[in-house]
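Read through the structure below, which is laid out as structure tokens, and then see the notes.
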Amino acid sequence: MDDFQETSCIRCGKIRIFKKKWIEKLDRGSVITHIETVCPDNDCQKIVDAQFAAKRELRLAQENRKTGIKV
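Heads up: the sequence shown runs through residues 1 to 71, numbered per the numbering used here.
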């Protein structure tokens with residue numbers, strides 16, 4: 001897996017490890033290669049996933065409030 005850049009975990013700083021890779025072809029012919037990396041510490045990764053899920057829910061709630069306002 002030499003085609004991805006090493007990154008550090010945002011929580012503990014350990015070098016993230018390869019989890020999976022997949023290729024997606026878009027309607028207009030573009031090809032996107034996705035590479036998912038995770039923290040080697042499973043407990044740390046669970047905490048990071050929970051933090052991202054909370055941020056995602058907050059963002060969606062804010063977007064729904066914006067679109068729900070009628071003038």
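Ideal Cβ positions, reconstructed from N, Cα and C, are used throughout, including at glycine.
In the structure shown, residue 6 adopts coil according to DSSP, grouped into three states. Excluding five sequence positions before and after residue 41, the CB atoms of its chain that fall closer than 7 Å to its own CB belong to 12, 14, given in chain order. In this structure, DSSP gives residue 35 an extended state, which the three-state scheme calls strand.
It is roughly 20 Å from the alpha-carbon of residue 54 to the alpha-carbon of residue 36. Straight through space, the alpha carbons of residue 18 and residue 5 are spaced by roughly 10 Å.
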